[in-house]
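Residue numbers (the numbering used here), protein chains in the order written: chain A, 2 to 159; chain B, 1066 to 1202; chain C, 13 to 174.
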Amino acid sequence: MAFFHSLQNSAFTDWFLGSDSIWTYPTVLTLHTIGMAILVGASFVINLRILQVAGAIPLQRLQPLYRFVWIGFAVNLLSGLVLFVTEAADRVIDPVFYVKLLSIVVALSFGIVVKRSAIGRADIQHVAPAGSRVLAAASLALWIVAIVSGRLMAYLKH
Amino acid sequence: MNVRRLGLVIVSVALTSISVAAHHSFAMFDMEKNVEYKGFITEWKWQNPHVHFNVLVKSGAGVEPATVGTWDVEGGSINIMSRQGWTRASYKIGDPIRLVGHPMKDGSKGISLFYAIRPDGSRLYHDIARPKDDVKK
Amino acid sequence: MTEFAAWVESTSLSKTLFGMSWLWPLCESLHFIGLCMLIGAAGLLDLRLMGMFRGLPIRHVKALMPWGIAGFIINATTGALFLTMQPHLYLSSGVWWSKVAFIVIAGANALFFETRLALPALAMDPDADTSPGMKLVGAFSLFSWFAVLYCGRMLPYLGTGN
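Here it is as structure tokens:
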């Protein structure tokens, strides 16, 4: 716990949160939003298609979208780490933060399973297996939980 | 499948938003009420995303009883407040302060900062909002 | 603008809406969800127009548009609510008007695509490269929507009024 307090009370945190430049906190926060748009945007397209409610893109052709899932995730992992450092002690005991992280991890995991079970298969073109569709629906809900819990964190500071 | 997902979405968004209302949202302040507080700074956090400071209002002659106590005052971002003239050095722990703000609706000791009043009577607003009566100034 | 914003905030509609403590956070969550829907759907079409995902018929990508439009409608609605509840945060802000300008630009670009390039795009061989015109329209659209996102997210920092 002392470790997290040392992060939150560090010189880096003082500088980062106390800077009146738009290139520190505001920019990192905006990068986090951009990463979300890419990560969740790509995930929405993949999952909506798996659920048969978004046209007839041949399933294999969804594969390149995963590149954007990982790009968005990388941007948010990095920006998220920076933001976490500045609130480490408060967030490490914040249940909403764990809801957010858990929903992200599970949604990404489901995305990987869907990729293997529906998108990476040469024998399936148009209709994903029922199991994949359940995971796709669950992923959509989980991404929404991640977004809402992320927003909620802004209201539950200190 | 689609309707169930939509239902899940609505329920999760609604539940989390309702629980937000139980916590510290700026919509929890009574924006209609402008209350003046006179006290001393006991904590000063000049930081993004919101500047926060604590004000201790002691009871005494001429002090509104409803304003007595230690209050958590929430301002805006450093960037916005700087544009209105605030700086990191505007106040420090121990400084006296007079401010007008909107208290929490539920009676807990939180204030949404409207403006501080300098010793010369001029105002230090937290953002572009001005009182309705001097909008035309 | 300051006087108009003050007038809006004095109306009972504004006060009632803003008085519902859960409404603002709910609108924020929906606004984020809407933007992901819009950028997901429009983003895929824009990338396809820019030449990525070669081999994928454009008509399949266009089938996603209703979701993008739904995202836009969610954001226009929640945006209108923010504007009604706290207009002073937006109406005097150059950053907010820039956001509006980029939305108009993105919309005009989409209209241009629909009226001039949609038919050739739908008719083209999916394995062929997209035309320079399509690439430009796609890139411009993608840039515009991210500019909208940038202006929106930076509002509490770049300025809600100068």
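Virtual Cβ for every residue (Gly too), placed ideally from N, Cα, C.
Remember, it's a predicted structure, so these values are computed and weren't measured experimentally.
Check                                                                                                                                                                                           : Outcome
Relative to the alpha-carbon of I1162/B, which residue among G1186/B, A1126/B, P1130/B, P1114/B has its alpha-carbon at the smallest distance?                                                  : G1186/B
Does H72/C come within less than 7 Å of chain B when only Cβ atoms are used?                                                                                                                    : no
For the segment 1134-1172 of chain B, which segments carrying the beta strand (DSSP E) assignment without a break, of at least 3 residues, lie completely within its bounds, in sequence order? : 1134-1139, 1161-1168
Rounding to the nearest angstrom, what Cα-Cα distance links F1105/B and N1099/B in this structure?                                                                                              : 19 Å
Just to confirm the assignment, what range does the beta strand (DSSP E) spanning V1120/B have?                                                                                                 : 1117-1122
Given this structure, state the Cα-to-Cα distance separating T20/A from L1121/B, to the nearest angstrom.                                                                                       : First, the amino acid is wrong: residue 20/A is Ser here, not Thr. In a straight line, the C-alpha of S20/A is about 27 Å away from that of L1121/B.
May I have the straight-line CA-CA distance separating N121/C from M136/C, to the nearest angstrom?                                                                                             : 20 Å
Starting from the C-beta of L170/C, find all residues in its chain whose C-beta is less than 7 Å away, skip the five residues before and the five after it, and write them out in chain order.  : V107
If we define contact as Cβ-Cβ less than 7 Å, is P99/C a contact residue for chain B?                                                                                                            : no
Could you check whether the Cβ of P168/C sits closer than 7 Å to any Cβ belonging to chain B?                                                                                                   : yes
Taking C-beta pairs closer than 7 Å, name the residues in chain C that A1181/B reaches, listed in chain order.                                                                                  : The contacting residues do not exist; A1181/B stays about 18 Å from chain C at best.
Going by beta carbon distance, what residues of the same chain come within less than 6 Å of C163/C, once the five residues before and after it are set aside?                                   : V107, S110, K111
Are there three or more Cβ pairs, one per stretch, closer than 8 Å when the segment 1181-1196 of chain B is compared with the segment 1125-1134 of chain B?                                     : no
For G171/C, which residues in chain B fall below 8 Å Cβ to Cβ?                                                                                                                                  : N1144, I1145, R1148
Identify every residue that forms a DSSP beta bridge with L1178/B.                                                                                                                              : G1166/B
Out of curiosity, what's the CA-to-CA distance linking F111/A and L136/A?                                                                                                                       : 6 Å
On the DSSP letters alone, give me the boundaries of the alpha helix (DSSP H) that T1132/B sits inside.                                                                                         : It is not in any alpha helix (DSSP H) - T1132/B carries neither H nor E in the DSSP assignment.
Counting only beta-carbon atoms, is I1176/B nearer than 7 Å to chain C?                                                                                                                         : no
Which same chain residues, not among the five before or five after R1153/B, have their C-beta less than 6 Å away from its C-beta?                                                               : W1111
Please confirm whether S104/C has its beta-carbon closer than 7 Å to some beta-carbon of chain E.                                                                                               : In the displayed structure, chain E is absent; the protein chains listed are A, B and C.
Label W16/A either buried or exposed according to how many other C-beta atoms from any shown protein chain fall within 10 Å of its C-beta, with 16 as the threshold for buried.                 : exposed
Pick helix, strand or coil for I39/A, following the three-state DSSP scheme.                                                                                                                    : helix
Is it true that the CB of G42/A sits closer than 7 Å to the CB of V76/A?                                                                                                                        : no
Could you please give me the residues that DSSP links to L1189/B through a beta bridge?                                                                                                         : A1181/B
How long is the line joining the alpha carbons of I47/A and H6/A, rounded to whole angstroms?                                                                                                   : 40 Å
Let's test the definition: count the other Cβ atoms within 10 Å of the Cβ of K1157/B and tell me whether it reaches 16, buried, or not, exposed.                                                : exposed
Pairing CB atoms from the segment 88-106 of chain A with CB atoms from the segment 44-59 of chain A, are three or more of them under 8 Å?                                                       : no
What residues match up with F1094/B in a beta bridge as DSSP calls it?                                                                                                                          : M1169/B
For A138/A, which residues from the same chain have a beta carbon less than 8 Å from its beta carbon, with the 5 sequence-adjacent residues on both sides left out?                             : N48, L52
At a CB-CB cut-off below 8 Å, which residues of chain C make contact with G36/A?                                                                                                                : Chain C residues near G36/A: none, gap ~11 Å exceeds 8 Å.
Does the CB of L18/A have a neighbour CB from chain B at under 7 Å?                                                                                                                             : yes
Answer yes or no: do A73/C and L56/C have a C-beta to C-beta separation smaller than 7 Å?                                                                                                       : Correcting the residue identity first, residue 73/C is Val in this sequence and not Ala. Yes; because the gap between Cβ atoms is below 7 Å, this pair is in contact.
Counting only runs that start and end within the segment 120-159 of chain C, where is the alpha helix (DSSP H) found for 4 or more residues in a row?                                           : 130-135
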